[in-house]
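Sequential numbering from 175 applies to the sequence shown in the working numbering.
Everything on this sheet refers to the single structure shown next.
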Amino acid sequence: ESPVSDHRRKLSFKFPVRPTDSTSIDSTATSLVSSSTLPEEGLSLLEMKERDLEYKHRHTFIGTASLDDLLDRLEISATHKSTKTGVIKAFIHLASTEQILARQSSPTSDGWEFVQRTVSDMSPASDDYLMQSHVRLGVISLQSFLEMVPWDDGDQTDTVNVVDAFCAASHLDQSLSRESKARAFRSWMVR
Numbered sequence: 175e176s177p178v179s180d181h182r183r184k185l186s187f188k189f190p191v192r193p194t195d196s197t198s199i200d201s202t203a204t205s206l207v208s209s210s211t212l213p214e215e216g217l218s219l220l221e222m223k224e225r226d227l228e229y230k231h232r233h234t235f236i237g238t239a240s241l242d243d244l245l246d247r248l249e250i251s252a253t254h255k256s257t258k259t260g261v262i263k264a265f266i267h268l269a270s271t272e273q274i275l276a277r278q279s280s281p282t283s284d285g286w287e288f289v290q291r292t293v294s295d296m297s298p299a300s301d302d303y304l305m306q307s308h309v310r311l312g313v314i315s316l317q318s319f320l321e322m323v324p325w326d327d328g329d330q331t332d333t334v335n336v337v338d339a340f341c342a343a344s345h346l347d348q349s350l351s352r353e354s355k356a357r358a359f360r361s362w363m364v365r
């Protein structure tokens, strides 16, 4: 009987334990990135572009709402046009959902009696400046969002214009949220 040995033969793949220069790391990383960005077998260029847009739409936000959420709520015609009323309805719905989330996650009920409720069945009257200034998604008011969209005489626009406005408003929402004097005051107030 021979004793059982745990000894295994070690094979050398002749890989350096520690690369000597950073260019070898960069070239390896580049080859990994470039191989992962190649089209998958059977995936057309159009499908790749659509996946890219889908990801970007799902991760472009104003407040708690993504561009994908807006497009799902928006009434879009067969010619890819949207109306001002349709945009208002979609924006109000998203703002209402955001407010519900904020109320539910609030550690206290104090102060909520002063917050004007945004409900998804609010009238989408396009000329109600008071409602448009009160309804907000993140720091973006409905009024300022509507001003970012170019409307024709019939209060219609290409849906692409709504997408562009959402992207611009997303950027504005992020920058205004960080640089706000009101935010600095709130930070001081809770200490």
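Just so it is clear, CB atoms sit at the ideal spot from N, CA and C, and this is done for glycine as well.
These numbers come from a predicted model, not from an experiment.
From the listed residues Ala252, Ile274 and Leu227, the smallest Cα separation to Val289 is found for Ile274.
Proximity to Arg291 across Thr282, Arg277 and Pro298 peaks at Arg277, based on C-alpha coordinates. Gln330 has Thr257 as its beta-bridge partners, per DSSP. Here Ile250 carries a coil assignment [DSSP, helix/strand/coil]. When the beta-carbon positions are compared, Ser300 and Asp329 come within less than 8 angstroms of each other.
In the three-state reduction of the DSSP assignment, Arg310 falls in the strand class.
Under the three-state reduction of DSSP output, Ser294 falls in the coil class, being neither helix nor strand. Around the beta-carbon of Asp347, 16 or more other beta-carbon atoms lie within 10 Å, marking it buried. In the DSSP secondary-structure assignment, Ser315 is bridged to Arg310.
In summary, Gly260 is buried, with 16 or more beta-carbon neighbours lying within 10 Å of its beta-carbon over all protein chains present.
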